[in-house]
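For reference, the structure is listed below as structure tokens.
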Amino acid sequence: MSRGTNFSVGWGGRTVLALGYSFLYLPILILIIFSFNESRLATTWSGFTLKWYVELFKDDSMLSAAWISLKIAFFAATAAVVLGTLAAMVMTRFKPFRGKTLFGAL
Numbered sequence: 043m044s045r046g047t048n049f050s051v052g053w054g055g056r057t058v059l060a061l062g063y064s065f066l067y068l069p070i071l072i073l074i075i076f077s078f079n080e081s082r083l084a085t086t087w088s089g090f091t092l093k094w095y096v097e098l099f100k101d102d103s104m105l106s107a108a109w110i111s112l113k114i115a116f117f118a119a120t121a122a123v124v125l126g127t128l129a130a131m132v133m134t135r136f137k138p139f140r141g142k143t144l145f146g147a148l
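In the numbering used here, the protein residues as written are 43 to 148.
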């Protein structure tokens, strides 16, 4: 057995990581917070309310669209798991073939 190498990330790496995560997740967090805003304007906070979520659940077309999106997401995730499992089995069980490196990179 080979010994693992120590890999340490300095403060620069942690800073880049924190900035990357902030870039990805901060807009989502702000959107979630402002979804509870009582005002119609997103730039001014006028109070906390669940009014917009009540309106969302009253609207049948929005619920229908959300249901269709969830169905598509379920089938896409299921297909990705099945295809990924089959690809992993092909990569490990069969002898090397032309394009295996490219296939493994995908």
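Just so you know, even glycine gets a beta-carbon here, dropped at the ideal spot from N, CA and C.
It should be emphasised that the depicted structure is a prediction, and the values quoted were computed from it without experimental measurement.
Give the secondary structure of PHE90 by DSSP, where H, G and I count as helix, E and B as strand, and everything else as coil. The residue you call residue 90 lines up with position 48 of the sequence shown. Residue state, collapsed to three classes: strand.
Where does the unbroken alpha helix (DSSP H) through ASP102 begin, and where does it stop? Here the question's residue 102 lines up with position 60 in the sequence shown. Segment 102-135, the alpha helix (DSSP H) holding ASP102.
Considering VAL58, what are the terminal residues of the alpha helix (DSSP H) in which it resides? Along the sequence shown, one-based indexing puts residue 58 at 16. Following the DSSP letters along the chain, one finds VAL58 inside the alpha helix (DSSP H) bounded by residues 53-76.
Rounded to a whole number of angstroms, what is the C-alpha to C-alpha distance between ALA130 and GLU97? As a working mapping, residue 130 is identified with position 88 in the sequence shown. As a working mapping, residue 97 is identified with position 55 in the sequence shown. In a straight line, the C-alpha of ALA130 is about 45 Å away from that of GLU97.
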